[in-house]
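Reviewing the structure listed below.
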Amino acid sequence: MAGPETGVFNVSGNQPVSEMKSCPQCGEKILAVAIKCRYCEQYLDGRQQNSGDDSSSMERMLLPVGRPVSAIAAGYCALLGIFPMCGLPFSIAALVCGIMARKEIKKNPKLSGTGRAIFGIIVGGLMIVAHLAIFAMVVISSLQQPVR
Ligand SMILES: [Zn+2]
Numbered sequence: 088m089a090g091p092e093t094g095v096f097n098v099s100g101n102q103p104v105s106e107m108k109s110c111p112q113c114g115e116k117i118l119a120v121a122i123k124c125r126y127c128e129q130y131l132d133g134r135q136q137n138s139g140d141d142s143s144s145m146e147r148m149l150l151p152v153g154r155p156v157s158a159i160a161a162g163y164c165a166l167l168g169i170f171p172m173c174g175l176p177f178s179i180a181a182l183v184c185g186i187m188a189r190k191e192i193k194k195n196p197k198l199s200g201t202g203r204a205i206f207g208i209i210v211g212g213l214m215i216v217a218h219l220a221i222f223a224m225v226v227i228s229s230l231q232q233p234v235r
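Counted from 1, the sequence shown has number 223 at position 136 by the numbering used here; the numbering is strictly sequential.
Structure below.
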C-alpha cells in the first residue's frame with residue numbers, strides 16, 4: 088500500500104475536499120464520491136471485497152481457510168491412523184471427523200475441504216477394518232499358540 092490516497096477512486100479526480108461522508112463500515116471521514124473506503128478498504132457500493140477469494144486453488148490447498156476444522160482433522164487423523172498399533176483411535180477420529188466435515192460442507196457449500204473429508208472417511212474406514220483385522224489375527228494366533 089502506498090499513501091492513504093490510494094484505494095480511493097474519485098469519479099472525476101478534482102472533487103472539492105469538503106464533500107465528505109463517514110464510512111458506514113468504520114465511521115472514518117472519506118470523500119463523498121469514494122467508491123472504496125481508504126481506511127478499511129470496504130467498497131461502498133455494496134460490492135464484496137473478496138479479491139483474494141478467487142485466488143489460485145494451490146493457495147486454498149495450503150491455507151486452512153474456508154474449510155471446517157473437522158475436514159482438516161479428518162485429513163491428519165487419516166494419516167496418523169495408518170500407523171500400526173496406535174493408529175486405530177486416529178482412524179476412528181478420521182472417519183468421524185470426515186462425516187462431520189461432509190455435513191458441515193453440505194450445510195455451507197461455500198466451504199471447501201470435501202476432498203479431505205472423503206479422504207478421512209475412506210482411509211479412516213479402511214484402516215479401522217485393517218486395524219481390527221490385525222487385532223483379531225493377533226488374538227487368534229495368541230489363542231492358538233499356547234504359552235510355553
Ligand atoms: Zn471504512
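Here a beta-carbon is modelled for each residue, glycine too, at the ideal position from N, C-alpha and C.
All figures in this text were calculated on a predicted structure; none of them were measured in a lab.
Is the distance from the Cβ of residue i to the Cβ of residue j below 9 Å?
i      : j      : result
Ala204 : Ala188 : yes
Ile215 : Leu175 : yes
Ile159 : Gly200 : yes
Ser178 : Gly153 : no
Ile221 : Pro171 : yes
Can you tell which of the options has the C-alpha that lies nearest to the C-alpha of residue i?
i      : options                        : result
Asp132 : Glu115, Tyr126, Pro111         : Pro111
Lys193 : Phe222, Pro155, Ser178         : Pro155
Gly185 : Ser199, Ala119, Ala161, Met214 : Ala161
Leu182 : Leu198, Asn195, Cys164         : Cys164
Ile209 : Lys123, Ile169, Leu118, Ser109 : Ile169
Cys173 : Ser109, Glu128, Ala217         : Ala217
Please go through the same chain and pick out, in chain order, the residues whose beta-carbon is closer than 6 Å to the beta-carbon of residue i, but skip the five residues on each side of it.
i      : result
Tyr126 : Cys113, Glu115
Ala223 : none
Which residues in the same chain have their Cβ closer than 8 Å to the Cβ of residue i, if we skip the five residues on either side of it in sequence?
i      : result
Glu106 : Leu118, Ala119, Val120
Ser109 : Glu115, Lys116, Ile117
Which same chain residues, not among the five before or five after residue i, have their C-beta less than 7 Å away from its C-beta?
i      : result
Glu191 : Pro155, Ser157, Leu198
Ile122 : Phe96, Tyr130, Leu131, Asp132
Ser138 : Confidence is the limiting factor: at Ser138 the pLDDT is only 47, short of 50, which leaves the residue's position unreliable, though a coordinate-based value still follows. Answer for Ser138: no residue qualifies.
Chain-ordered residues, beta carbon under 6 Å from a heavy atom of ligand 1: Cys110, Gln112, Cys113, Glu115, Cys124, Tyr126, Cys127, Gln129
Quick one: which unbroken alpha helix (DSSP H) runs of 4-plus residues sit fully inside the stretch 148-184? Chain order, please. Segments of the alpha helix (DSSP H) lying fully in the stretch 148-184: 156-167.
Unbroken beta strand (DSSP E) runs of length 3 or more, entirely within the stretch 185-225: which are they? none
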